[in-house]
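The structure appears below as structure tokens.
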Amino acid sequence: MEQKNKKNTIPWIWGFNVYAENWNGRLAMISFLLIICVEFITNKNVLDLVKLN
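Residues in the sequence shown are numbered consecutively from 11, following our numbering.
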């Protein structure tokens, strides 16, 4: 059975806080890894792929 009065373990807080910064760091690491993989697979850098170079 589910408990209907169960509180969240992490309360939602707007703005700059520890939880937002953790998510920001995780997404930055994943994005960096994806950029490296795309450059390795296509043999072009990201600026060449979006035609900015």
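Heads up, the beta-carbon is just placed ideally off N, CA and C, and yes, glycines get one too.
Query, Result
"Cβ pair I45, V56 closer than 8 Å", "yes"
"Residues of its chain near I20, where Cβ-Cβ distance is below 8 Å and the 5 sequence neighbours each way are ignored", "Y29"
"Where the alpha helix (DSSP H) through S52 begins and ends", "Just to set this straight, residue 52 is Thr in the shown sequence, not Ser. Here the alpha helix (DSSP H) through T52 covers V28 to T52."
"N- and C-terminal bounds of the alpha helix (DSSP H) containing V60", "Element bounds for V60: n/a, residue is neither H nor E."
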